[in-house]
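Reviewing the structure listed below.
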Amino acid sequence: MRSAARFSTSRRAISINCSRLMGPPAAAGRTPDCTQRGRQRRRLRLMATVDVLLHGFSFSTNQGRPAFCSVTLVESEGRFILVDPAYVGRRREVSGALGRRGLTEADIDAVVLTHAHWDHAQNFDCFAEAPVLLHPRERSYASSPHENDWATPYWTGLALETHQLQEVVEGDELAAGVRVIELPGHSVGSIGLVVETAAGTALVSGDAVHSPWVLESGQPPIVFGSLSQARESVAKGLSAAENIYPGHDRPFRVVDGEAEYLEPFSLTITNLEPDREGLHFEADPPSTWIMPGAAP
-12 MRSAARFSTS RRAISINCSR LMGPPAAAGR TPDCTQRGRQ RRRLRLMATV DVLLHGFSFS
48 TNQGRPAFCS VTLVESEGRF ILVDPAYVGR RREVSGALGR RGLTEADIDA VVLTHAHWDH
108 AQNFDCFAEA PVLLHPRERS YASSPHENDW ATPYWTGLAL ETHQLQEVVE GDELAAGVRV
168 IELPGHSVGS IGLVVETAAG TALVSGDAVH SPWVLESGQP PIVFGSLSQA RESVAKGLSA
228 AENIYPGHDR PFRVVDGEAE YLEPFSLTIT NLEPDREGLH FEADPPSTWI MPGAAP
């Protein structure tokens, strides 16, 4: 079974031989298209893609946090890498989003956890045939989280260790044009993926770049690991790519210091009348919270 195999990573660049891609010999009188334009066309077809299965949303209530994280599918050379499978309340939605793309959970080659918080990680068990990739610091921490870390229940590590895990670090290449970037701070071992796409370099950031709000704050709204590292990771992440796929918002790019969204907003709330007595909306920016006991 595929679950017994190790997902192959590499720190070496993958070179593409144009002659391998030309297909059948050219017809008489025609020259194989190995010109610069031809190479560019083939390179575009071969480049990785980033597809948002479920958008993340950054809102909370006085009754708790819905905590909808972004669920993202990266494809490169026929490999499907799912980043952050979300929590059990979105299990059917993740499966449905895959189905609309003609895929099932069994088609996923690897699941990447940007970090082990409950809202990003719980559905890892839906992908029984795919290894779960995470940073070694995050793996170790998940087995012994800080007592004030409400986003990493004490059983997180126990659950993860029932699955096939693979540790990844900065520079690991998961597929052509898809590499790991370390973005600690929000959690001790947060990572993201830098993806070379036809639309430019993309960063799938997890909560290191929580939302465009970080353009003003310079940090994620919640920090469990280290505030100084979190701030460094915001700057590192924003400088690593043109297109940002944040942990709790729609993808965006930064234009003249402002966020320009790349996809429309859509959220339907059911079973709740908009004029119901006691229902209030507040448009305040996110509040910040630093876990007591977090590193400076």
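Position 56 of the sequence shown, counted from 1, bears residue number 43 in the numbering used here, the numbering being contiguous throughout. All residues carry an ideal CB built from backbone N, CA and C; glycine is no exception.
Give me the Cα-Cα distance between residue i and residue j, rounded to the nearest whole angstrom.
i       : j      : result
Cys56   : Thr48  : 16 angstroms
Ser63   : Ile95  : 12 angstroms
Pro171  : Glu264 : 43 angstroms
Ile277  : Thr101 : 19 angstroms
Pro272  : Phe46  : 9 angstroms
Leu147  : Glu260 : 39 angstroms
Pro208  : Val221 : 11 angstroms
Glu169  : Asp159 : 10 angstroms
Gly234  : Asp262 : 30 angstroms
Tyr74   : Val242 : 32 angstroms
Thr(-4) : Asn258 : 46 angstroms
Glu157  : His267 : 44 angstroms
Arg79   : Val39  : 16 angstroms
For residue i, which residues of its own chain have a beta-carbon under 8 angstroms away from its beta-carbon, when the five flanking residues on both sides are left out?
i      : result
Ala246 : Pro199, Leu202, Phe239, Arg240
Ser213 : Pro171, Gly172, Val175, Ala281, Ala282, Pro283
Ser131 : Gly144
Glu125 : Leu100, His102, Ala103, Ser174, Val175, Gly176, Ser177, Ile178
Tyr141 : Pro132
Can you name, in chain order, every residue of its own chain whose Cβ lies under 6 angstroms from the Cβ of residue i, other than the five neighbours on each side?
i      : result
Glu97  : Here residue 97 turns out to be Ala, not Glu, going by the sequence shown. Phe(-6), Ile68, Ala117, Pro118, Leu120, listed in sequence order.
Val360 : Past the boundaries of the shown model lies residue 360; the chain is included only from -12 to 283, so the question cannot be answered.
His122 : Gly176, Ile178
Arg218 : Gly205, Gln206
Going by beta carbon distance, what residues of the same chain come within less than 7 angstroms of residue i, once the five residues before and after it are set aside?
i      : result
Val165 : Ala35, Val61, Ser63, Ile68, Leu180, Val182
Ala138 : His104, Trp105, Phe211
Ala228 : Val181, Thr188, Ala189, Leu190
Glu269 : none
Arg66  : Asp96, Ala162
Identify the continuous alpha helix (DSSP H) that holds residue i and give its terminal residues.
i      : result
Asp106 : 105 to 108
Glu203 : 201 to 204
Ala84  : 78 to 86
Kindly say whether residue i, judged by its beta-carbon, lies nearer than 9 angstroms to any beta-carbon of chain D.
i     : result
Pro53 : Judged by its chain identifiers, the structure shown contains no chain D, having just a single protein chain.
Ends of the beta strand (DSSP E) at residue i?
i      : result
Arg240 : 239 to 242
Ala189 : 187 to 193
Val182 : 178 to 184
Ala227 : No beta strand (DSSP E) holds Ala227; the alpha helix (DSSP H) holding it covers 214 to 227.
Ile231 : 230 to 233
Note to self: With a threshold of 8 angstroms, are at least 3 pairs of Cβ atoms found where one atom belongs to the stretch 184 to 202 and the other to the stretch 147 to 154?
What the structure shows: The stretch 184 to 202 vs the stretch 147 to 154: no contact.
Item checked: In chain order, each beta strand (DSSP E) run of at least 3 residues that lies wholly inside the stretch 88 to 170 -> DSSP runs (the beta strand (DSSP E)) wholly in the stretch 88 to 170: 97 to 99, 119 to 121, 152 to 154, 160 to 162, 165 to 169.
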